[in-house]
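*Asks:* Everything in the sequence shown is counted per my numbering, starting at 13 for the first residue and increasing by one. Structure provided below as structure tokens; questions to follow.
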Amino acid sequence: MFLILVIGLASLAYTVACVFGFAPWLTFTATFGDIFVPLAGMYTQIVVTVILASLFFFMPSAGRIMSLERSHRNFKLSMQDVARAYHLCHTADRAGVFTMSSEFDAVRERLAYLRDHPDLDSLEPSVLEVAAQMSQQSRELSDIYNDEKVARAKTFLRQRQEEAERQQTLIVEAHHNLRDIRKWSQQVELEESVVASQLSQLEEQLEATLPSFGYTLGKESAEIVKLSQKPAAE
13 MFLILVIGLA SLAYTVACVF GFAPWLTFTA TFGDIFVPLA GMYTQIVVTV ILASLFFFMP
73 SAGRIMSLER SHRNFKLSMQ DVARAYHLCH TADRAGVFTM SSEFDAVRER LAYLRDHPDL
133 DSLEPSVLEV AAQMSQQSRE LSDIYNDEKV ARAKTFLRQR QEEAERQQTL IVEAHHNLRD
193 IRKWSQQVEL EESVVASQLS QLEEQLEATL PSFGYTLGKE SAEIVKLSQK PAAE
């Protein structure tokens, strides 16, 4: 932008000098087809000077835009530094490093901690002060989610997870045992059915065979009874 300003001012000053006769005009010959353009150099010099001079009207707005971009970039870098310092201070607060209770003493204690931290020696004091104030405002969160309480909560959840896994293992074993028992029960019922069928067939065979020997099989007492002899025919 500075270079454009210098070139524009130099071109404007030279053209003004040419108008008052203190410097020669730019001269060259130009033709457009068969048409000869006289004083083409002077016209070209005037057009270029007007274009460069018109850029002066856009330079203030362009400068403001660049200034806003620089301030936004600086603000972004500052917020990143604040976030980094706050994270370190909040981590120390969760670990129980700070003990002061009053607001002023708490901020001063945190600020001293940040100033002595080796990773923050390049930050500005205003950044450290903002981070210390933010840490003091969030000390209630640090107390609720301190390292000791978080460790206890994780241990409790780990124990619950282990108990749930143990119960799940017992349930799987119970399903396996139930399946084995059902299979065994079906096998026993099948064997009992086969035995009952064999006994039924044996009874039928006995009922068919015993009468030829003069005996019968009692239905209720399951005893073999001798048949009475028929009298001889006279």
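All C-beta atoms in this analysis are idealised placements derived from N, C-alpha and C, irrespective of residue type, glycine included.
(1) Which residue marks the beginning of the alpha helix (DSSP H) containing T61, and which one marks its end?
(2) Looking only at its chain, what residues have a beta carbon closer than 7 Å to the beta carbon of R122, apart from the 5 residues adjacent to it on each side?
(3) Would a C-beta distance cut-off of 7 Å place N158 and R120 closer than the cut-off?
(4) According to the Cβ coordinates, are A65 and L24 closer than 7 Å?
(5) Thinking just about the alpha-carbon of each residue, which of E141, H188 and T61 is nearest to the one in D93?
(6) When the Cβ atoms of the stretch 41-53 are set against those of the stretch 17-32, are three or more pairs found closer than 8 Å?
(7) Can you say whether A97 is buried or exposed, counting buried as having 16 or more other CB atoms within 10 angstroms of its CB?
(8) Helix, strand or coil for A35 per DSSP?
(9) In angstroms with no decimal places, state the Cα-to-Cα distance between L182 and E201.
(10) Measuring only the C-alpha atoms, how far is L15 from P137?
(11) CB-CB under 8 Å to V28, same chain, minus the five flanking residues each way: which ones, in chain order?
(12) Residues in the same chain with beta-carbon distance under 7 Å from D128, minus the five sequence neighbours each way, listed in chain order, please.
(13) Can you look up F168 in the DSSP assignment and give me helix, strand or coil?
(14) For my contact list, A104 and Y125 are in at a C-beta cut-off of 8 Å; report their separation, rounded to the angstrom.
(15) Just the Cα atoms here: how many angstroms apart are L17 and M54?
(16) Between the C-alpha atoms of G33 and V60, what's the straight-line distance to the nearest angstrom?
(17) Compute the Euclidean distance between the alpha carbons of E204 and R194, then round it to the nearest angstrom.
(18) First and last residue of the beta strand (DSSP E) that includes A42?
(19) If you draw a straight line from the C-alpha of S114 to the C-alpha of R151, how long is it?
*Replies:* Taking the geometry as given:
(1) Stepping through the sequence shown from its first residue, residue 61 is reached at position 49. Per DSSP, T61 belongs to the alpha helix (DSSP H) from A52 to S66.
(2) The sequence position of residue 122 within the sequence shown is 110, counting from 1. So the list reads C101, F110, A144, S147 and Q148, once near-sequence residues are dropped.
(3) Sequence index remark: in the sequence shown, residue 158 carries index 146 (1-based). Sequence index remark: in the sequence shown, residue 120 carries index 108 (1-based). Not closer than 7 Å, so no.
(4) In the sequence shown, counting from the first residue as 1, residue 65 sits at position 53. In the sequence shown, counting from the first residue as 1, residue 24 sits at position 12. Against a cut-off of 7 Å, the Cβ pair of L24 and A65 comes out as a contact.
(5) For the purposes of this step, residue 93 is taken as residue 81 along the sequence shown, with counting starting at 1. Ranked by how close their Cα comes to the Cα of D93, the residues E141, H188 and T61 have E141 in first place.
(6) no
(7) In the sequence shown, the residue the question calls residue 97 occupies position 85. By the 10 Å Cβ count, A97 comes out buried.
(8) Position 23 of the sequence shown, counted from the start, is the residue given in the question as residue 35. In the structure shown, A35 sits in coil (DSSP, three-state: anything other than H, G, I, E or B).
(9) Walking along the sequence shown from the start, residue 182 turns up at place 170. Walking along the sequence shown from the start, residue 201 turns up at place 189. Between L182 and E201, the alpha-carbon positions lie close to 28 Å from each other.
(10) Position 3 of the sequence shown, counted from the start, is the residue given in the question as residue 15. Position 125 of the sequence shown, counted from the start, is the residue given in the question as residue 137. Approximately 37 Å, taken between the alpha carbons.
(11) Locating residue 28 in the sequence shown gives position 16, where the first residue counts as 1. Around V28: no qualifying Cβ.
(12) Counted from its first residue, the sequence shown places residue 128 at position 116. Nothing meets the Cβ criterion.
(13) Position 156 of the sequence shown, counted from the first residue, corresponds to residue 168. Reduced to three states, the DSSP call for F168 is helix.
(14) Residue 104 sits at position 92 when you count from the first residue of the sequence shown. Residue 125 sits at position 113 when you count from the first residue of the sequence shown. Correct: roughly 6 Å between the Cβ atoms.
(15) Counting from 1 along the sequence shown, the entry for residue 17 is found at position 5. Counting from 1 along the sequence shown, the entry for residue 54 is found at position 42. The straight-line gap from Cα to Cα measures roughly 22 Å.
(16) Taking the first residue of the sequence shown as 1, we reach residue 33 at position 21. Taking the first residue of the sequence shown as 1, we reach residue 60 at position 48. Going by the C-alpha atoms only, they are around 19 Å apart.
(17) Locating residue 204 in the sequence shown gives position 192, counting from the first residue. Locating residue 194 in the sequence shown gives position 182, counting from the first residue. The straight-line gap from Cα to Cα measures roughly 15 Å.
(18) Taking the sequence shown and counting its residues from 1, one reaches residue 42 at position 30. Counting along the chain, A42 sits inside the beta strand (DSSP E) bounded by residues A42 to F44.
(19) Here the question's residue 114 lines up with position 102 in the sequence shown. Here the question's residue 151 lines up with position 139 in the sequence shown. Rounded to whole angstroms, S114 to R151 spans 12 Å at the Cα level.
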